[in-house]
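Accompanying notes for the structure given below.
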Amino acid sequence: MAKIRENFVGTLDIGSNKCCVLFGLSRSNDELEIIGFGEAKSDGSVLKGDILDMELLMNQLTLALNDAEQMANISINESSITTVNISGTTMSFIPSVGSVTIKNADQRITEDDYNEALENAERFNMPENKSHLGTFESYSVINNSKKTAAPIGQSANKLDVHTLLQFVGVNELKNTKHLMADLGIEENNVDYIFSGICGLYGCLSESERKNGSIFIDLGAGTTEFVVVNNYIITAAGVLPLGMDHVINDLSLGLKLPMSICRNLVESGQLEQLLKSNETFWEYEINRTKYRIPSHTIELIVNARLQEIFELMKIQIYRNNAHCDIEAGGILIGGGALLSRNHEIFRNTFDCNCRTGRAIGMTGNIGNLSTPQYGTTYGLLKMAHAYSMRSKLPNKNHNPVTIAVDKFIQMFSKVKDSVKL
Amino acid sequence: MSDKKIGIVGIGKAGINIVSTLHNLRQAQHFTLMAIDTDKESLQQSPITETNKLLLGNDWRQGNGCGGDMTAGGRVFSHERSKLNQFLGGYDLLFFAGGLGRGTASGGVSIIASELSKMKIPAIFVLTLPFVMEGPAKNRAAENILKSEIHERNNVIITIPNDLLFSKLDSNCTLNEAFELSNIEVAKSLLALALCFSGGNLLAANYADLLEIVAQKKHFAAIGIGTASAKDGENRFNRALEKMLMSPLLGGLDKLQEADALIVSLIGGNSLGAADTKYLLEKVNSFVGENTNLAVNFSTNEDFGESIMLSVIAIKFDKSAMEDKIFTQQIPTTPSSKKRRNDKDNGQASLDLVFNERGIFEKTNINYHEGVDLDIPAYQRKNINLK
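Here the protein sequences come in this chain order: F and Z.
Quick note on numbering: the numbering used here labels position 384 of the first sequence as 456, and the sequence is numbered without any gaps.
Quick note on numbering: the numbering used here labels position 118 of the second sequence as 119, and the sequence is numbered without any gaps.
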């Protein structure tokens, strides 16, 4: 196997349905070339985004790592993996405001004032058993009246910085770190990034980030959503609901084994059934044919999917972020392949929705451009962006770094905070 | 033989062993022998035709059985109701054999009884109760099934305690031999019942008679089988009677004397005459009490030739269970409860009790949203009617 190159970047994506490993090479022209990919089913080791069986997950990740190494023809070391996603039912986002009185003689807001306001926002009564993972800086308000994204240098008596604090369960974060250690990965070298942000970074276009959009990752165990407007995150959240709940509902409602219902959803039969006018869904067990009315299946599926989008809507409205959605919605994850989700999105949010796919992917792509791998690609792209930012000369004036900075700067606090 | 389509089904390992014993008997060829199990190996080892075997729960038990867990067995059968309906549909009468106390038969019997009630297929269940030496847990599990709603269904349940065998077992008999003997005796009983209800052309007992005797009453049964062939000559009727009284699963003459109900069946070849049957019936009557409820079946079957088979099922009701039932029936009703009962006449729809299941999220943390468990299916929480 070849030696690892200096511009090598690697990532792990741990999900309820599958775990993925992705390797790439950062090119000087800001391109990211995919060189290795490995995937293994989570097989019940992760449910609703939470790790249930460490040993099983270790086995599956090892399989995925081996596959990726073989494809890339390299053998990784402890510092090869630099980004890992984090999500799960213990993740929460709490809006917080930090205030500061401007005391300088010229009454102009300085960087120190801004940082002090930010620190005040983070002095939050942390929920029990939760760890502060990072801070998304939203916007600032000057003198209780003027809303701005760039307050530094402006005249003011008072500055309020609005943020979104990200928390995750202490044990869940520890579990992920222990997993890294067991895999031989240097845990302090890893950035633990919210899945929603990764997917957003990998699949949203510049105009969508600027003009305002809802990004939704409708996965197997959880549904992550992020509302972004003018490169600012105005709302984010994790719902402990996903396509596994749809499959579970079908299994209980139709009194069928999970495997048959999972096959119905994952093989595309459900998509075909909902689109067609067929009255029955026919399936076969041991050469015996059975029929179930399509209408019953539709009732079960619709009930669950509508609930997911309604809960999302409630959280977005609570953050007053519903006004920020001009560019519509972007859906990734396994749920994006079901067109019914797009319909329900349109009915719920009254705007259009598209299927998200990886933007700017080159190299050994294979199936990676499909929406199920949006988060995985986004993770690698973030690893690439961090790597580029630290290496490029004259970073303050380099157009590439400015473009990277525009997006990265909102998680600069995230990056610092997670290196515990 | 009548044209009725009759099936004999073994449930679980014990039941399949019993029905497999029938496979080699010529008299059983008119019946469809079937097997239902969650254990692939148990089905593979049986000589029953492949198309008459049903493996349940293969997707999530991987054909490894229920591990003696009655709850797992019940869950498998619940999930596979449609498969069961397909497998058991189309029969005029079904006999089931199974051993209570472990997983598959214990978990599946009430589900099968329920489905057959819906399909209006009469069924007779012959279920063995475990040996006392198999431990209190198994015996308790078997008792619990008998206390459950299984007796409320319109099916005939005949339970045979395996311990009855000990009255006749040799002291040097090994455990394997004991189980083997139990299988043979229960198999013969099943065959006798099947032949009995497949159409007596001399004097017919029918399913309704048996149902009338055992319906909704907890009971214990003892079975005696006696066969005699042409070589016994004119003495064959006494020989059959003698063998019947000596049957291991009858437990002695006392059982006949103490029985609350008796089902007697005599099957012979075409030469079987009315005088013979009268003689035997009088003999059997001499052993039973005055208040014993009697159902008889006499029929001819050319497969028997000069042979005869005399079988007796002696049923003793569990008086303590019956007293509980009487007590509950005597609770006075209040005017309001009477009114509630009358609501049915006004055509109001009844609300079926629904058990909130979480399925694959059973063992995960509950995620509440405004007091609601989101893992419970959305259609259930929103009261969406799927029918």
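The beta-carbon is built from N, C-alpha and C at its ideal position, and this holds for glycine as well.
Nearest chain Z C-beta to residue i closer than 8 Å, yes or no?
i      : result
F:S323 : yes
F:E398 : no
F:M433 : no
F:A136 : no
F:R412 : no
F:R180 : no
F:D85  : no
F:N243 : no
F:D316 : yes
F:E379 : yes
F:K453 : no
F:P329 : yes
F:I357 : yes
F:P312 : yes
F:N283 : no
F:N320 : yes
F:N468 : Unreliable positioning characterises F:N468 in this predicted model, as indicated by a pLDDT of 44, which lies under 50. A coordinate reading is not provided.
F:K120 : yes
F:L104 : no
F:I371 : Per the sequence shown, residue 371 of chain F should be read as Leu rather than Ile. Closer than 8 Å: yes.
F:L345 : no
Below 8 Å on the Cβ atoms is my contact criterion, and I expect residue i with residue j to pass it. Report the Cβ-Cβ distance as a whole number of Å.
i      : j      : result
F:V300 : F:L272 : 6 Å
Z:N53  : Z:A36  : 7 Å
F:L231 : F:A193 : 11 Å between Cβ atoms; not a contact.
Going by beta carbon distance, what residues of the same chain come within less than 6 Å of residue i, once the five residues before and after it are set aside?
i      : result
Z:K84  : none
F:C333 : I319, L322, S323
Z:E186 : P249, L250
F:G314 : G291, A292, G293, T294, T295
F:E244 : G160, T162
Z:Y380 : none
F:D125 : S117
F:A455 : V81, T83, T154, T155
So who's on the other strand from residue i, going by DSSP bridges?
i      : result
F:M163 : Bridge partners of F:M163: none, in fact.
Z:Y369 : Z:D374
Z:T278 : Z:T278 pairs with nothing; no bridge assigned.
Z:N294 : Z:A262
F:C425 : F:G401
Z:V187 : According to DSSP, Z:V187 bridges with nothing at all.
Z:M245 : According to DSSP, Z:M245 bridges with nothing at all.
Return the chain-ordered list of same chain residues with a C-beta closer than 8 Å to the C-beta of residue i, the five sequence neighbours on each side being excluded.
i      : result
F:T248 : I86, I123, V156, I158, Y264
F:A375 : D321
F:Q132 : C91, A112, K113, S114, D115, S117
So, does the CB of residue i fall closer than 8 Å to a CB anywhere in chain F?
i      : result
Z:K1   : Because chain Z in this structure spans residues 2 to 388, residue 1 of chain Z falls outside the shown range and cannot be described.
Z:G360 : yes
Z:Q87  : yes
Z:P378 : yes
Z:N368 : yes
Z:S107 : no
Z:K383 : yes
Z:I17  : no
Z:I60  : Contrary to the premise, residue 60 of chain Z reads as Asp rather than Ile in this sequence. So, interface residue.
Z:L191 : no
Z:T365 : yes
Z:L375 : yes
Z:S79  : yes
Nearest CA to the CA of residue i: which residue from the options?
i      : options                        : result
Z:R27  : Z:E303, Z:V289, Z:D93          : Z:E303
Z:S190 : Z:G227, Z:D374, Z:A179         : Z:G227
F:T97  : F:T306, F:N79, F:L237          : Reading off the sequence, residue 97 of chain F comes out as Leu, not Thr. Ranking the options by Cα distance to F:L97, first place goes to F:N79.
F:S339 : F:K327, F:T351, F:L326, F:Y355 : F:Y355
Z:G100 : Z:G90, Z:F126, Z:K383, Z:S79   : Z:F126
Z:G370 : F:L311, F:A177, F:T220         : Looking at the sequence itself, residue 370 of chain Z is His, so the reference to Gly does not match. Cα-wise, what sits closest to Z:H370 is F:L311.
F:Y186 : F:K202, F:N229, F:I166         : F:N229
Z:V313 : Z:S47, Z:S300, Z:A296, Z:I12   : Z:A296
F:A177 : F:G206, F:K219, F:S227         : F:S227
Z:M71  : Z:G102, Z:D38, Z:L242          : Z:G102
Z:K5   : Z:G75, Z:L23, Z:F198           : Z:F198
Excluding the five sequence neighbours on either side, which residues of its own chain have a C-beta within less than 7 Å of the C-beta of residue i, listed in chain order?
i      : result
F:I107 : F95, G96, L97, A144, G435, N436
Z:N343 : A caution first: Z:N343 carries a pLDDT of 44, below 50, which makes its placement in the model too unreliable to give a value.
F:N413 : L290, L377, L403, G407
Using a Cβ cut-off of 7 Å, pull out every chain A residue sitting near residue i, in sequence order please.
i      : result
F:A375 : Reference to chain A is not applicable here, since the protein chains of this structure are F and Z.
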